[in-house]
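Colleague:
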Amino acid sequence: MPYVYLDHEADIGLEATGERLEEALRDGVQGLLALLVDPETVEPREAVPVQASGDDPGALYVALLNAVLAAVDLHGMFFRDFELTRLDRVDDHWVAEGTLYGEPIDLERHAVEIEVKAATYGGLLAEQTDTGWRLRCVLDL
Amino acid sequence: MSTALNVRKIHEYLFEIPPHGKMRVPARLYLDERSLRELLENQSSEEWNAIRQLENVACLPGIVKAALAMADVHPGYGFPIGGVAAFDPKAGGVISVAGVGFDINCGVRCLRTHLTRSDLAGKEEKLADTMYEVIPAGLGSTGELKLSAKEIDRVLREGARYAVHLGYGREEDLEYIEEHGQLSDADPSVVSHTAKQRQMAQVGTLGSGNHYVEVQVVDQIYNARAAEAFGLELGQIVIMLHTGSRALGHQIGTDYLPFLEKATRKYGIEVPDRELVCAPIESPEGQQYFRAVMAGANCAFANRQVLTHLVRQAFWKALRVAETAIETLYEVAHNTVKWEVHEVDGERRRLLVHRKGSTRAFGPGRPELPERYRAVGQPVLVGGTMGTASYILVGTDQGMRETFGTALHGAGRAKSRRQAKRQYPAERIVEQLRKQGIIVRAHGKASISEEAPGAYKDVEHVVDVMCNAGIVARVARLRPIICLKG
Numbered sequence: 655m656p657y658v659y660l661d662h663e664a665d666i667g668l669e670a671t672g673e674r675l676e677e678a679l680r681d682g683v684q685g686l687l688a689l690l691v692d693p694e695t696v697e698p699r700e701a702v703p704v705q706a707s708g709d710d711p712g713a714l715y716v717a718l719l720n721a722v723l724a725a726v727d728l729h730g731m732f733f734r735d736f737e738l739t740r741l742d743r744v745d746d747h748w749v750a751e752g753t754l755y756g757e758p759i760d761l762e763r764h765a766v767e768i769e770v771k772a773a774t775y776g777g778l779l780a781e782q783t784d785t786g787w788r789l790r791c792v793l794d795l
Numbered sequence: 015m016s017t018a019l020n021v022r023k024i025h026e027y028l029f030e031i032p033p034h035g036k037m038r039v040p041a042r043l044y045l046d047e048r049s050l051r052e053l054l055e056n057q058s059s060e061e062w063n064a065i066r067q068l069e070n071v072a073c074l075p076g077i078v079k080a081a082l083a084m085a086d087v088h089p090g091y092g093f094p095i096g097g098v099a100a101f102d103p104k105a106g107g108v109i110s111v112a113g114v115g116f117d118i119n120c121g122v123r124c125l126r127t128h129l130t131r132s133d134l135a136g137k138e139e140k141l142a143d144t145m146y147e148v149i150p151a152g153l154g155s156t157g158e159l160k161l162s163a164k165e166i167d168r169v170l171r172e173g174a175r176y177a178v179h180l181g182y183g184r185e186e187d188l189e190y191i192e193e194h195g196q197l198s199d200a201d202p203s204v205v206s207h208t209a210k211q212r213q214m215a216q217v218g219t220l221g222s223g224n225h226y227v228e229v230q231v232v233d234q235i236y237n238a239r240a241a242e243a244f245g246l247e248l249g250q251i252v253i254m255l256h257t258g259s260r261a262l263g264h265q266i267g268t269d270y271l272p273f274l275e276k277a278t279r280k281y282g283i284e285v286p287d288r289e290l291v292c293a294p295i296e297s298p299e300g301q302q303y304f305r306a307v308m309a310g311a312n313c314a315f316a317n318r319q320v321l322t323h324l325v326r327q328a329f330w331k332a333l334r335v336a337e338t339a340i341e342t343l344y345e346v347a348h349n350t351v352k353w354e355v356h357e358v359d360g361e362r363r364r365l366l367v368h369r370k371g372s373t374r375a376f377g378p379g380r381p382e383l384p385e386r387y388r389a390v391g392q393p394v395l396v397g398g399t400m401g402t403a404s405y406i407l408v409g410t411d412q413g414m415r416e417t418f419g420t421a422l423h424g425a426g427r428a429k430s431r432r433q434a435k436r437q438y439p440a441e442r443i444v445e446q447l448r449k450q451g452i453i454v455r456a457h458g459k460a461s462i463s464e465e466a467p468g469a470y471k472d473v474e475h476v477v478d479v480m481c482n483a484g485i486v487a488r489v490a491r492l493r494p495i496i497c498l499k500g
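Protein chains in written order, with our numbering: chain U, 655 to 795; chain L, 15 to 500.
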């Protein structure tokens, strides 16, 4: 599994792994999208850009997840897919850009799951393992 | 867990972990043997463990007396939920994002009605359907109130008062809200454009997760004098609503987490958990975050005020109950940071009190309380679950001395959301509750299974512990009739 949900009494942990950091970030976003709404019920009809930055890969992971949550409200859309288009390290500052694919919210058709308030630094982990990268944080539900 | 061995029993309902490692003060937990055992046994992960989180809070600079946990304590992020910590600015005290949470000023309002249980007989389904229709809830829902950027700034500055100004609810409501629904230190200019934009369509929405509107009946009165002051009678219908600052609050937390992390480095503060990033209260960064939180808190006040209006509308539409027959009993906040004066070791000190998933519970005589309640103490609203009782308690003098006037905020989760989802299919829970005479309406299935009564601690026991410890006293028990979820 590229992402897994971890047990937490009040909230939920979201862990994403990938051979490369790009993949782990992308899969983390996919894991977040699937928590909000059943992706199968969302058509990828429109593209919305997102970007995030952080002082290290962990902060970047949290910032990217939060940018996705903001995009849901700002555009009034649910998303099915995410593509990471840029990952850069500029002067010890990490920047990620990507595109979300989805459509305007239609509560008749979209199988809504639960609102995620924010990604937090709780349980935050960003480490390089033998097989690649592992990212993890607690999402506030 | 090694720390479990260091737990010292102070009395039947209070345990203490003496300072060790980098702890500046002890950690104290209002629990009995049973709840301590359950807390230790049921930890879903060593990574996010409520006791360790409380010990971490005890390491923060300027913390006064102890890091405290109420009986509904369970793991959060950074702070445990059910946590309380007071900081002294003169001792380098800090302000922390995790001590407030992302749902800034999330809280509960209780409305008392002129109706009795028999007035509702046979009309429950109709009322439930109307509430479902009138009150926007669940992910993706939007409110009827669409605000401009200028109006959002007024929400952030004026809180519930601005909602009343727009025609949502009545002036009298404001008297019975903590801080009268408006915090004067709020500064909209330190809240990001993104935060404001996210909120434009969310004022007057309930949200999802543990947020709810519940119609309840008073089924026990324990303290006649306080019940009379609160306007409560046996058989009376009351309404509880639980929600917070919505996307605006979430975005403030999101924006200020990296901001305070920089401040943590700048001021050389060592934090045992990255989520505990913080800034000295008196630093420019600490002050800026405080003013942003106050703005977020005002947004939550306004949100609950608009929802109060919608509840009144639903009662009018379904039952032709006049708006004036539904009055605000009280509103409490449980994700807050506030300046308060408390007596510590015989000295009155101005402290910044963080309450993360815990409720202010002031005892009698405090000037902050509405005149009507001042002689008996503050109403403390404790939300149970869809299938169990909720309580109205009252603050005590002992609570003022021991917990900075703070008590529990709910039953407290015992099972993880994923566990609950596996164990409690939504359809089964709705059917079980129907048999108990409780109607549930929910926009998302997850809200039902994840919030199933079995996912929570036993509210009776949790309330027992806090009352037996003397921190609060029982006034009334409320039984659910209709529950609306996101």
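Cβ atoms here follow ideal geometry from the backbone N, Cα and C, with glycine treated the same way. All of these numbers come straight from a predicted model, not from anything done at the bench.
If you draw a straight line from the alpha carbon of TYR775/U to that of GLY391/L, how long is it in whole angstroms?
Modeller: One C-alpha to the other measures close to 37 Å.
Colleague: Which value, in whole angstroms, describes the spacing of the CA atoms of SER198/L and ASP742/U?
Modeller: Spanning the two alpha carbons is a distance of roughly 42 Å.
Colleague: Taking DSSP as the reference, what is the three-state secondary structure of TRP787/U?
Modeller: It is a strand residue.
Colleague: For a test of the three-state rule: what should DSSP assign to ALA18/L, helix, strand or coil?
Modeller: Any reading at ALA18/L needs caution, since the residue's pLDDT is 48, under 50, leaving its predicted position unreliable; the model's value is listed next. Residue state, collapsed to three classes: helix.
Colleague: Beta-carbon within less than 7 Å of GLN412/L's beta-carbon, same chain only, minus the 5 sequence neighbours each way: which residues are those?
Modeller: Cβ within range, chain order: GLY484, ILE485.
Colleague: Using a beta-carbon distance below 8 Å, is GLY682/U in contact with chain L?
Modeller: No - not a single Cβ of chain L is within 8 Å of the one on GLY682/U.
Colleague: Which of the three DSSP states is assigned to PRO698/U in this structure?
Modeller: PRO698/U: coil per DSSP, three-state reduction.
Colleague: Among residues of its own chain, excluding the 5 on either side of MET15/L, which ones have a beta-carbon nearer than 6 Å to its beta-carbon?
Modeller: In this predicted model, MET15/L has a pLDDT of only 40, less than 50, meaning its place in the structure is not dependable; the value taken from the coordinates is given anyway. Excluding positions up to five away in sequence, the list is empty.
Colleague: Counting only the same chain and skipping the five closest in sequence on each side, list residues whose C-beta sits under 6 Å from that of ALA18/L.
Modeller: Note that ALA18/L has pLDDT 48, beneath the 50 cutoff, so the model's placement of it is unreliable and no number is given.
Colleague: Just to confirm the assignment: which complete beta strand (DSSP E) runs, minimum length 3, are found wholly within the stretch 217-264 of chain L?
Modeller: Whole beta strand (DSSP E) segments, 3+ residues: 226-235, 250-257.
Colleague: Mind checking the stretch 101-132 of chain L against chain U and listing, in chain order, the residues whose C-beta falls within less than 9 Å of any C-beta there?
Modeller: Answer in chain order: VAL111, ALA112, GLY115, PHE116, ASP117.
Colleague: Take the Cβ of ARG123/L as the centre, count every other Cβ of all protein chains shown within 10 Å, and call the residue buried at 16 or more, exposed below.
Modeller: Classification of ARG123/L: buried, given that the 10 Å Cβ count is 16 or more.
Colleague: Just the Cα atoms here: how many angstroms apart are ILE453/L and ARG334/L?
Modeller: Cα to Cα, ILE453/L sits roughly 20 Å from ARG334/L.
Colleague: Measuring only between beta-carbons, confirm whether GLU751/U sits less than 8 Å from chain L.
Modeller: Chain L contact via Cβ: absent.
Colleague: Compute the Euclidean distance between the alpha carbons of ARG364/L and HIS356/L, then round it to the nearest angstrom.
Modeller: Approximately 7 Å between the Cα atoms of the pair.
Colleague: Would you mind reading off the limits of the alpha helix (DSSP H) that contains LEU723/U?
Modeller: Unbroken alpha helix (DSSP H) run through LEU723/U: 711-729.
Colleague: Given a threshold of 16 other Cβ atoms within 10 Å of its Cβ, counted over all protein chains shown, does THR785/U qualify as buried or as exposed?
Modeller: Counting Cβ neighbours within 10 Å, THR785/U comes out exposed, since fewer than 16 surround it.
Colleague: At a Cβ threshold of 8 Å, is ILE452/L touching chain U?
Modeller: Not one chain U Cβ lies under 8 Å of ILE452/L.
Colleague: To the nearest angstrom, report how far apart ARG48/L and ALA425/L are at their CA atoms.
Modeller: So the two alpha carbons sit approximately 15 Å from each other.
Colleague: Taking only beta-carbon atoms, is VAL252/L less than 8 Å away from chain U?
Modeller: Closer than 8 Å: no.
Colleague: Residues of chain L with CB under 7 Å from VAL766/U, in chain order?
Modeller: Simply GLY152, LEU153, GLY154, HIS457, GLY458.
Colleague: Identify, in the order they occur along the chain, each residue of the same chain with its Cβ nearer than 6 Å to the Cβ of ASP233/L, setting aside the five sequence neighbours on each side.
Modeller: So the qualifying residues of the chain are ARG491, ARG493.
Colleague: Determine which residues share a DSSP beta bridge with TRP748/U and list them.
Modeller: Per DSSP, GLY708/U, ARG743/U.
Colleague: Rounded to the nearest angstrom, what separates THR8/L and TYR270/L at their Cα positions?
Modeller: Given a span of 15 to 500 for chain L in the structure shown, any question on residue 8/L remains unanswerable.
Colleague: In the stretch 658-691 of chain U, which residues sit with their C-beta less than 8 Å from some C-beta in chain L, listed in chain order?
Modeller: Listed by position along the chain: TYR659, LEU660, ASP661, HIS662, GLU663, ALA664, ASP665, ILE666, GLY667, LEU690, VAL691.
Colleague: To the nearest angstrom, how far is the alpha carbon of LYS771/U from that of ASP727/U?
Modeller: C-alpha separation (whole angstroms): 11 Å.
Colleague: Which residues in chain U have a C-beta closer than 9 Å to the C-beta of VAL291/L? List them in chain order.
Modeller: TYR775, listed in chain order.
Colleague: Look at VAL39/L and ILE283/L and say whether their C-beta atoms are less than 8 Å apart.
Modeller: It is not a contact, given that the beta carbons lie outside the stated cut-off.
Colleague: Between the stretch 417-441 of chain L and chain U, which residues of the former have CB atoms less than 8 Å from a CB of the latter, in chain order?
Modeller: Those would be ARG427, ALA428, LYS429, SER430, ARG431, ARG432, GLN433, in chain order.
Colleague: Where does PRO393/L land, buried or exposed, given buried means 16+ other C-beta within 10 angstroms?
Modeller: Label assigned to PRO393/L: buried.
Colleague: Can you give me the C-alpha to C-alpha distance between HIS256/L and THR753/U, rounded to a whole angstrom?
Modeller: Whole-angstrom Cα-Cα distance: 35 Å.
Colleague: Pull up the DSSP beta-bridge partners for TRP353/L, would you.
Modeller: The partner list for TRP353/L (beta bridge, DSSP) reads LEU366/L.
Colleague: Pull the bridge partners of ILE495/L from the DSSP assignment, please.
Modeller: Note: ILE495/L sits in no beta bridge, so no partner.
Colleague: What number of angstroms, rounded off, separates the C-alpha of GLU767/U from the C-alpha of ALA750/U?
Modeller: Whole-angstrom Cα-Cα distance: 27 Å.
Colleague: Listed in chain order, which residues of the stretch 70-92 of chain L have Cβ atoms closer than 9 Å to some Cβ of chain U?
Modeller: Against chain U - using a Cβ distance shorter than 9 Å - the residues of the stretch 70-92 of chain L are HIS88, PRO89, GLY90, TYR91, GLY92.
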